[in-house]
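Below is one structure, written out as structure tokens; the observations come after it.
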Amino acid sequence: TPDPNLNNNASTANFDIEARADVTVGKTATPSPVRAGQNLIYVVTARNVANGLSAAQDVTIDDTLPSDVTFVSAVPTTGTCAIKPAAGSLTSPSTTQVQCNRGQLAQGTQQTVTIIVQPKQSLAGSTLTNSVTVSTSTTETDTSNNSAGVSTQVNDPIFDVLVTKTDSVDPVTIGDDTVY
Numbered sequence: 125t126p127d128p129n130l131n132n133n134a135s136t137a138n139f140d141i142e143a144r145a146d147v148t149v150g151k152t153a154t155p156s157p158v159r160a161g162q163n164l165i166y167v168v169t170a171r172n173v174a175n176g177l178s179a180a181q182d183v184t185i186d187d188t189l190p191s192d193v194t195f196v197s198a199v200p201t202t203g204t205c206a207i208k209p210a211a212g213s214l215t216s217p218s219t220t221q222v223q224c225n226r227g228q229l230a231q232g233t234q235q236t237v238t239i240i241v242q243p244k245q246s247l248a249g250s251t252l253t254n255s256v257t258v259s260t261s262t263t264e265t266d267t268s269n270n271s272a273g274v275s276t277q278v279n280d281p282i283f284d285v286l287v288t289k290t291d292s293v294d295p296v297t298i299g300d301d302t303v304y
């Protein structure tokens, strides 16, 4: 049957689309175990899962270092880490935070932060625990994957000392002096 009123065949509906993302974080520590006094390298990887969702906005990585390690550096793949201990300083409960603001993280991409510390001799025989979280201002579909941690055993250092000694006169006559 023909439509008797052609003026009512169109309609408009307005709606808002809310961006959604799924950011995740992972962490590795090498070497594991580590010897006291040697570099311990943490690599933090923040990802926005490739699942057809949106870019994640205002992505922030918050890493909590163990206490009593010497902080060496924190280097992100891009940008800087605004909050971190001073290079060469010993971490304490009030100076264990490393915070890196990543800005936008496109869907299916990742950013890393490489953090280097050195455990002190007094930590030999203990286990260091390092934790990290990632957050975004974009609504998340899964927040259960926003934290990670790693534990690393600290072993005694290995000392490798080589002493080479030479004398100025060889052989030395009894009663004469020689310089080493």
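So for the sequence shown, the numbering used here puts the first residue at 125; every next one is plus one. Backbone N, C-alpha and C define an ideal beta-carbon position, used for all residues, glycine too. In this text the structure is predicted, and so the values were computed from the model without any measurement.
Helix, strand or coil at residue i [DSSP, three-state]
{"i": "residue 259", "result": "strand"}
{"i": "residue 305", "result": "Lying outside 125 to 304, the shown extent of the chain, residue 305 is not represented and no answer is given."}
{"i": "residue 132", "result": "helix"}
{"i": "residue 162", "result": "coil"}
{"i": "residue 252", "result": "strand"}
{"i": "residue 170", "result": "strand"}
{"i": "residue 267", "result": "coil"}
First and last residue of the uninterrupted beta strand (DSSP E) at residue i
{"i": "residue 151", "result": "147-154"}
{"i": "residue 271", "result": "271-279"}
{"i": "residue 245", "result": "First-last for residue 245: undefined, no H or E at that position."}
{"i": "residue 185", "result": "180-188"}
Proximity of residue i and residue j at Cβ, strictly below 8 angstroms
{"i": "residue 252", "j": "residue 193", "result": "yes"}
{"i": "residue 149", "j": "residue 173", "result": "no"}
{"i": "residue 254", "j": "residue 151", "result": "yes"}
{"i": "residue 227", "j": "residue 285", "result": "no"}
{"i": "residue 279", "j": "residue 157", "result": "yes"}
Pick from the options that is closest to residue i, judged by C-alpha positions
{"i": "residue 216", "options": "238, 188 and 206", "result": "188"}
{"i": "residue 196", "options": "154, 170, 282 and 208", "result": "208"}
{"i": "residue 375", "options": "296, 142 and 221", "result": "Because residue 375 is not part of the residues shown, which for the chain are 125 to 304, the question remains open."}
{"i": "residue 95", "options": "177, 225 and 151", "result": "Nothing can be reported for residue 95, as the shown portion of the chain is limited to 125 through 304."}
{"i": "residue 281", "options": "243, 147 and 223", "result": "243"}
{"i": "residue 238", "options": "211, 165 and 285", "result": "165"}
### Message
At 3 residues or longer, what runs of the beta strand (DSSP E) sit wholly inside the region 202-236?
### Response
Segments of the beta strand (DSSP E) lying fully in the region 202-236: 221-229.
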